[in-house]
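Trainee: Numbering (my numbering), first residue to last: 3 to 230. Ideal Cβ placement from N, Cα and C applies to all residues, glycine included. Computed from a predicted structure; not experimentally measured. Just passing along the structure, written as structure tokens.
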Amino acid sequence: RSTRAQQRRAQRRAAILAAARRVFSQKGYHEASIGDIIDEAQIARGTFYLYFNSKREIFAELRDAFLELIRGSVRRISLDPSDGVPLQQMRANFRRVMTVVLEHEQLAAIMLRDPMSFDADTRVEVEQFFDQIITLVERAIEVGHALGMARECDRHTIAVAALGALREILRRMIDARQHTAGGNSGAGSAQDERADSSAGPPETADAFPEIEQLVDELLAFFARGVFT
């Protein structure tokens, strides 16, 4: 009986997390409320508080899950010949990150929003994670320079530019995919609606190439600015 109860509890917790993921993806962190999550999960308010103490707590769990997925997809560039040439290792990193993001579109939509949509503590934690990615890119450039494949450059500037480009492309791709699929079922933040009204027609999914071509384009763009 205890095992069945634990399974039911785990299933209910997962269902609440899934509901929160949908709500945050549609409305953003600030505009979403515990009431929205309760309605989406079709549970009583008391049931929510059996599993989570606050909106921030449930968001933090979703955020950490997504960041762990990204972390797991990024590999440090290796000098071991058996691991392949550094440029191909970098391509593999791009490919894995983009695959993870597109496979977890709702989580990515939350994380790739304007950082100002988070509260101060969450912004710090998210930016700390992206700082780790910048460090990995800097190391990749350093390895490329040691192998004679990369020119001398300001590694930090190039790494920040590379990450910024990737984040913006992924954000736009997800927005386009959601718009093509019918958007957020009519739901969205007031900020999103204001942005849509001022920016003209949104992009659609066919504005972007298939993922393999997109990875090659990104790598070529990055490499031509760094590698000789």
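Report yes if the C-beta distance between Gln108 and Arg15 is below 8 Å; otherwise report no.
Mentor: Against a cut-off of 8 Å, the Cβ pair of Arg15 and Gln108 comes out as no contact.
Trainee: Would you mind reading off the limits of the alpha helix (DSSP H) that contains Phe210?
Mentor: Taken as a continuous stretch (DSSP letters only), Phe210 belongs to no alpha helix (DSSP H), as it is neither H nor E.
Trainee: For the segment 136-153 and the segment 207-221, state whether three or more C-beta atom pairs, one from each stretch, are separated by less than 8 Å.
Mentor: In short, these stretches do not touch, since the Cβ pair count stays below three.
Trainee: Given this structure, state the Cα-to-Cα distance separating Phe131 from Asp156, to the nearest angstrom.
Mentor: Rounded to the nearest angstrom, the two C-alpha atoms are 21 Å apart.
Trainee: Considering only their Cβ atoms, is the gap separating Leu89 from Met151 smaller than 8 Å?
Mentor: Yes, Cβ-Cβ distance for Met151 and Leu89 is below 8 Å.
Trainee: Work out the CA separation of Phe54 and Ser27 for me, nearest whole Å.
Mentor: Approximately 19 Å between the Cα atoms of the pair.
Trainee: Using only alpha-carbon positions, find the residue among Leu104, Val126, Ala178, Phe120 that is nearest to Phe61.
Mentor: Out of Leu104, Val126, Ala178, Phe120, Phe120 has the C-alpha closest to the C-alpha of Phe61.
Trainee: Determine contact between the segment 75-90 and the segment 34-49, defined as no fewer than three beta-carbon pairs at a distance below 8 Å.
Mentor: These segments do not touch.
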